[in-house]
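Engineer: In the numbering used here, the protein residues as written are 3 to 492. Positions of the beta carbon are idealized from the N, C-alpha and C atoms, including for glycine. Before I ask anything, here is the structure I am working with.
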């Protein structure tokens with residue numbers, strides 16, 4: 003973060019100001035930095051802007067308006083007269099700090115330096131390159147809006163403001179990165195949110211000292227939340243404006259980063275990563291069924307393989323009635339190696355699908371699922387049972403709403419398999435126990451990661467477990483300590 007206060011004040015000499023800005027902005031070296039000299043109303047003026055950001059029609063209109071002015075209209079206070087009367091634009095401010103001028107020009111604004119002026123005029127005539135909003139690929143719904151976030155922070159904030167027209171909706175601006183100067187917005191409803199959470203996040207953002215936020219929101223997450231060796235996500239990412247708005251109403255805080263379509267929802271427990279917008283686009287009973295099915299899928303992605311492997315290597319644990327779930331032929335390769343090869347193979351196929359053009363992705367899936375899998379069984383690399391259970395676990399992984407949570411669960415699934423291979427049944431018990439302990443001691447912004455299950459809160463846990471009808475959900479949960487718990491007027 004930059005230092006607070008004025009760093010380089012505007013000098014009395016117009017030429018010194020121009021030379022300083024030309025030197026710092028690398029005018030003449032960077033072809034996209036434009037310096038335009040103009041003389042209007044007996045005053046020397048200069049414009050600094052970045053080609054591709056500024057809207058030429060706005061600047062042309064401003065120049066035409068200033069051109070009409072007479073020298074006597076500027077004799078008292080040229081800057082004040084310009085801003086108040088002669089610049090026909092809404093977003094116009096002044097600054098006495100040349101470093102602020104440089105930062106804003108590089109962010110896309112146009113700087114107007116005027117002779118005999120004690121400040122510099124900043125004109126926000128930006129027009130960022132932008133793609134049209136589309137439905138996020140990993141958060142698709144059958145019913146609901148199709149507009150997702152894009153890479154421009156102003157557009158994303160407008161999508162949120164469109165859905166939450168509350169006077170207490172606050173969007174704080176923070177700039178992160180000593181060189182990148184990345185725009186970040188802290189979004190919350192100040193009549194609902196616990197202001198301690200806002201204060202904590204604001205201080206963390208202001209304390210970030212790094213050259214640039216190269217990976218956008220992920221870099222910010224690592225600085226703000228730490229625990230970088232814990233694979234479980236402490237924030238929830240979403241590219242949906244409706245999902246973001248719902249969490250604002252619950253008392254969450256959003257972190258929106260310019261250049262990224264992903265918005266961070268803070269704080270987020272384990273259970274927040276299991277929610278999906280589709281549950282709230284259906285009837286409560288149907289939504290509850292979808293949620294229950296999703297819980298089963300996530301549990302299968304984590305525990306199915308290690309539990310089956312435990313029984314397959316300890317067949318004495320199975321009664322005669324359940325013998326059929328064991329392995330009939332262990333194959334030429336040990337089961338643990340079959341599992342590890344399959345896990346690595348699925349991950350490679352996933353990466354290949356990401357880098358494959360959409361037109362060829364279906365063909366890749368057919369080749370990998372049918373041809374490679376069938377041949378691998380025939381030559382003895384995999385048994386039929388391994389292919390079946392690995393496929394079911396993979397489907398459970400893909401059914402997990404949060405991509406970050408699915409990756410964390412996949413890592414622990416492999417660790418469970420390795421512990422079972424080494425210690426047999428005790429390995430499974432120890433592995434699951436250590437996994438639960440990890441989740442119990444994990445906190446996100448001082449909130450237990452497993453809340454409301456551990457510590458147990460029956461009212462909040464009901465909100466997690468069941469999809470309650472909206473008319474009956476008249477209270478917000480205790481977890482976020484909201485100022486206003488009531489959702490409905492009396």
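Would residue 314 and residue 392 qualify as a contact pair, given that the criterion is a beta-carbon distance under 8 Å?
Structural biologist: Contact: no.
Engineer: Can you find at least 3 beta carbon pairs, one from the region 105 to 115 and one from the region 246 to 258, that sit closer than 8 Å?
Structural biologist: Counting Cβ pairs under 8 Å, fewer than three are found: no touch.
Engineer: Pick out the complete beta strand (DSSP E) segments inside the region 67 to 147, 3 residues or longer, and give them in chain order.
Structural biologist: Runs found: 94 to 97, 112 to 116 and 122 to 125.
Engineer: May I ask you to list the residues that DSSP assigns as paired with residue 11?
Structural biologist: Paired residues: 99.
Engineer: How would you label residue 480, buried or exposed, when you count the other beta carbons within 10 angstroms and need 16 or more for buried?
Structural biologist: Residue 480 should be labelled exposed.
Engineer: For the candidate residues 404, 116, 18 and 38, whose alpha-carbon lies nearest to that of residue 271?
Structural biologist: Ranking 404, 116, 18 and 38 by Cα distance to residue 271 puts 404 first.
Engineer: Let me make sure I understand the geometry here. Which of 407, 431 and 320 has the alpha-carbon closest to that of residue 308?
Structural biologist: Comparing Cα positions, the closest option is 431.
Engineer: Which residue marks the beginning of the beta strand (DSSP E) containing residue 174, and which one marks its end?
Structural biologist: Unbroken beta strand (DSSP E) run through residue 174: 171 to 178.
Engineer: Tell me whether residue 334 is buried or exposed, calling it buried when 16 or more other Cβ atoms sit within 10 Å of its Cβ.
Structural biologist: Exposed, because fewer than 16 other Cβ atoms sit within 10 Å of the Cβ of residue 334.
Engineer: How long is the line joining the alpha carbons of residue 293 and residue 465, rounded to whole angstroms?
Structural biologist: Rounded to the nearest angstrom, the two C-alpha atoms are 11 Å apart.
Engineer: Just to confirm before moving on: does the CB-CB distance between residue 228 and residue 179 stay below 8 Å?
Structural biologist: No. Outside cutoff.
Engineer: Go through its chain and collect everything with a Cβ distance to residue 156's Cβ below 7 Å, but skip five positions before and after it.
Structural biologist: If we look at residue 156 and ignore the five residues flanking it on each side, it has no Cβ neighbours.
Engineer: Taking only the alpha-carbon atoms, compute the straight-line gap between residue 470 and residue 103 and give it to the nearest angstrom.
Structural biologist: The alpha-carbon atoms of residue 470 and residue 103 are separated by roughly 52 Å.
Engineer: What is the DSSP secondary structure of residue 210, counted as helix, strand or coil?
Structural biologist: DSSP places residue 210 in coil when its eight states are reduced to three.
Engineer: Starting from the Cα of residue 136, find the closest Cα among 129, 150, 264 and 125 and give me that residue.
Structural biologist: Cα-wise, what sits closest to residue 136 is 150.
Engineer: Compare the beta carbon distance of residue 146 and residue 302 with 8 Å and say whether it is the shorter of the two.
Structural biologist: Cβ atoms of residue 146 and residue 302: not closer than 8 Å.
Engineer: Just list the residues that DSSP pairs residue 185 with in beta bridges.
Structural biologist: The partner list for residue 185 (beta bridge, DSSP) reads 177.
Engineer: So, with DSSP's three-state summary, where would you put residue 50?
Structural biologist: Residue state, collapsed to three classes: strand.
Engineer: On the criterion of 16 or more Cβ atoms from any shown chain inside 10 Å, does residue 184 qualify as buried, or is it exposed?
Structural biologist: That one is buried.
Engineer: For residue 468, name the three-state secondary structure that DSSP assigns.
Structural biologist: Three-state DSSP puts residue 468 in coil, outside helix and strand.
Engineer: Just checking my contact of residue 218 with residue 152 at CB under 8 Å: how many whole Å lie between their CB atoms?
Structural biologist: With a Cβ gap of about 13 Å, residue 218 and residue 152 do not count as contacting.
Engineer: Just to confirm the assignment, what range does the alpha helix (DSSP H) spanning residue 311 have?
Structural biologist: 286 to 315 is the span of the alpha helix (DSSP H), which, as asked, contains residue 311.
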